[in-house]
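In UniProt numbering, the protein residues as written are 1 to 85.
For every residue, glycine included, the Cβ atom is placed at its ideal position computed from N, Cα and C.
Each remark here refers to the structure printed beneath this line.
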């Protein structure tokens, strides 16, 4: 593997790990807030919109990887919606 390819692979792996870590933290925090009664349905809709809006941007609209990412957000937040105090 050429150095440039290795660096690109390392960057993509680091970004993937960072994104997973950030999403896990965000969802965990939201679950705690929801469980404590501090994240109601309206807040959850706004939270979903905030996470989804960047995936709807014209720069990434044609990216085939966006759909599965949006599905992950949708499924995680649907699970959060079922949590109550």
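Across the structure, residue 27 and residue 6 are spaced so that their CA atoms are roughly 31 Å apart. A Cβ-Cβ contact shorter than 8 Å links residue 30 with residue 47.
DSSP places residue 67 in the uninterrupted alpha helix (DSSP H) bounded by 66 to 81. When the alpha-carbon of residue 83 is set against those of 40, 9, 20, 56, the nearest one is in 40. Residue environment analysis places residue 51 among the buried positions, since at least 16 neighbouring C-beta atoms fall within 10 angstroms of its C-beta.
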